[in-house]
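Residue numbers (this note's numbering), protein chains in the order written: chain A, 1 to 90; chain B, 1001 to 1406.
Every residue gets a Cβ at the ideal spot worked out from N, C-alpha and C, and that includes glycine.
The structure presented is a predicted model; accordingly, all values stated were derived computationally and were not measured.
Worksheet: the structure to be examined is printed underneath.
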């Protein structure tokens, strides 16, 4: 498991105040008993940890931890591309 | 019309004087104020240095970490006070009773300390997000909602925010609901936790905070001392309380309100007179029956002067036979919790036969020439008492209590 995936999983665990061992890629947020406030708290913590911005549409499509990991990876890659872009133009 | 009599059967307090009612009352009896240098902010940024904060507070003693995360300090104080009040009442909350129980809380600033901290992230650290718990922690009704959730109370629950009168308005509404039968039990009071830098600076700008201590009615008074905490009362019909053999601390017998309709911060004499008169009328009392007034008594030059004039105007000659003290000299001005802490003081004064002192009193002000029970608590059995709260915005709320003979 890469570092960023591990970071997502431990964030999921800490938002719900549960042990890291209970969280796997296959866990759904429902079975981890995320309520609506836990969901928005998770989004907040992920945005902060990865320096990304998660849109409401992207947030709505999340069902399980794998969705979160993939979504975060996509946004992190996009952010890296954005910050590289001005260099490319030069 | 056979209005029901309303008993106070439970008390809960956490404030600068103690983390429960017994410790708070001990400090009042000893006249030992809870005023000390403020420990929550960098004092070099404040013109005043002292506050009446809850010392040695550990939220972990009361809440699991996940629960504490959801609670601003003001809501924690509301819950702690409600737990003690319910426990001391010994009431069993049956499903039927839960539906007929009201929760009415007061708060002036709500969870604005949470908001203050979050806005630091936004404005000072230029981070572009605010924590999602900001709204549920900040909203002024968080105390009422959290109490209702913790105890499964499903009856009417709401919050009153009328600055420094919030808790008196809350207790007054709850009293009326129990008296007229729309609630069979009520948990009512207030809580406040205003010790964040932004809020302290806002109070500093009002230039009403004392640079040293709180000396209500004293010639050399220099302003109020901010306080924090929570206090709750359990109210129920007297006959129900007697039927279950509950301890009856006192009775709430009247509530009066008025608006100065005058100035947003400057108090008037007439507004307080009308609120006290309304409380007496609601209680069916003559002015001469009152033996003690727990004053609003903030310690600002203006409040204590106008309050003295209001008491003299309403009570005339009887004003010289009244004891009038300000317990804010001990627990500070806890804003939206003030009326509730003072209601507990007034109830215990009636029950214990001991009038709380106005401490830090150094010199008589001829303009505030009431018997303010200076510096030492005084044994005296009083039958009827008022507790005054007069808010910024000119909103006045006065409660009337009567001692209950066992």
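Within 8 Å, strictly: CB atoms of residue 1004(B) and residue 1178(B): yes
Please report the Cβ distance between residue 1132(B) and residue 11(A), rounded to the nearest whole angstrom; I am assuming they are in contact, meaning their Cβ atoms lie under 8 Å. Contact doesn't hold; Cβ gap of about 14 Å is too wide.
Could you check whether residue 1336(B) and residue 1107(B) sit closer than 8 Å to each other, using their CB atoms as the reference points? yes
Whole angstroms are fine: how far does the CA of residue 1344(B) sit from the CA of residue 1001(B)? Reliability of the predicted coordinates at residue 1001(B) is poor, the pLDDT of 45 falling under 50, and no value is obtained from them.
From the DSSP output, in three-state form, read off residue 1165(B) for me. helix
Measure the beta-carbon distance from residue 1224(B) to residue 1328(B) and round it to whole angstroms, keeping in mind my assumption that it falls under 8 Å. 7 Å
Between the C-alpha atoms of residue 1289(B) and residue 1170(B), what's the straight-line distance to the nearest angstrom? 25 Å
Based on the DSSP output, what are the partners of residue 1423(B) in its beta bridges? Outside the shown range of chain B, which is 1001 to 1406, sits residue 1423(B), and nothing can be said about it.
Among the candidates 34(A), 22(A), 58(A), 51(A), whose CA atom is the shortest distance from the CA of residue 1127(B)? 51(A)
Check the Cβ of residue 960(B) against every Cβ in chain A and list those closer than 8 Å, keeping chain order. Outside the shown range of chain B (1001 to 1406) lies residue 960(B), about which nothing can therefore be said.
For my contact list, residue 1180(B) and residue 1079(B) are in at a C-beta cut-off of 8 Å; report their separation, rounded to the angstrom. Not a contact, Cβ separation roughly 28 Å.
Going along the region 29-55 of chain A in order, which residues come within less than 7 Å of chain B, judged by CB to CB distance? 37, 40, 41, 44, 47, 48
8 Å Cβ cutoff met for residue 1101(B) and residue 1185(B): yes
For a contact meaning CB atoms closer than 9 Å, what does residue 1351(B) contact in chain A? Per Cβ cutoff of 9 Å: no residues; residue 1351(B) is ~42 Å from chain A at best.
Please specify which runs of the alpha helix (DSSP H), each continuous and at least 4 residues long, are wholly inside the region 1334-1385 of chain B, giving them in chain order. 1338-1352
With 16 other CB atoms within 10 Å as the buried threshold, where does residue 1357(B) fall? buried
Return the CA-CA distance between residue 1064(B) and residue 1057(B), expressed in angstroms with no decimal places. 14 Å
Closer than 9 Å, Cβ to Cβ, to anything on chain A: give me those residues from the region 1112-1143 of chain B, in chain order. 1127, 1128, 1129, 1130, 1131, 1132, 1133, 1136
Which full runs of the alpha helix (DSSP H) of 4+ residues lie inside the region 1286-1321 of chain B, going along the chain? 1301-1315
If the criterion is Cβ atoms closer than 8 Å, does the pair residue 1214(B) and residue 1391(B) meet it? no
Length of the line joining the Cα atoms of residue 1279(B) and residue 1221(B): 28 Å
Supposed close pair residue 1314(B), residue 1281(B) - CB separation, criterion 8 Å: Their Cβ separation, rounded to whole angstroms, is 11 Å, which puts residue 1314(B) and residue 1281(B) out of contact at 8 Å.
At the 8 Å Cβ level, is residue 89(A) part of the contact set with chain B, yes or no? Bear in mind that a pLDDT of 47 at residue 89(A), under 50, signals an unreliable position, so the model cannot answer this.
Chain-order list of residues whose beta-carbon lies under 7 Å from that of residue 1367(B) (same chain, five-residue window excluded): 1305, 1308
Which residue wins for smallest C-alpha separation from residue 1317(B), given the options 1334(B), 1294(B), 1292(B), 1287(B)? 1287(B)
Tell me whether residue 90(A) sits in a helix, a strand or coil according to DSSP, three-state version. For residue 90(A), the predicted structure reports a pLDDT of 40, less than 50, and the residue's modelled location is therefore unreliable. A value from the coordinates is still provided. Of the three classes helix, strand and coil, the one that applies to residue 90(A) here is coil, per DSSP.
The beta strand (DSSP E) that contains residue 1016(B), what's its start and end? Counting along the chain, residue 1016(B) falls outside any beta strand (DSSP E), and DSSP gives it neither H nor E.
When you compare only the Cα positions, how much space is there between residue 1193(B) and residue 1022(B)? 21 Å
Length-filtered (4 minimum) alpha helix (DSSP H) runs lying within the region 1039-1078 of chain B: 1065-1068
Which residues share a DSSP beta bridge with residue 1402(B)? 1251(B), 1384(B)
Close beta carbons around residue 1041(B), own chain, < 8 Å, minus the five adjacent residues each side: 1195, 1196, 1197, 1200
Would the beta-carbon of residue 62(A) fall within 8 Å of that of residue 68(A)? yes
Output the boundary residues of the alpha helix (DSSP H) element that contains residue 1097(B). 1095-1099
Quick check on residue 1023(B): does DSSP put it in helix, strand or coil? helix
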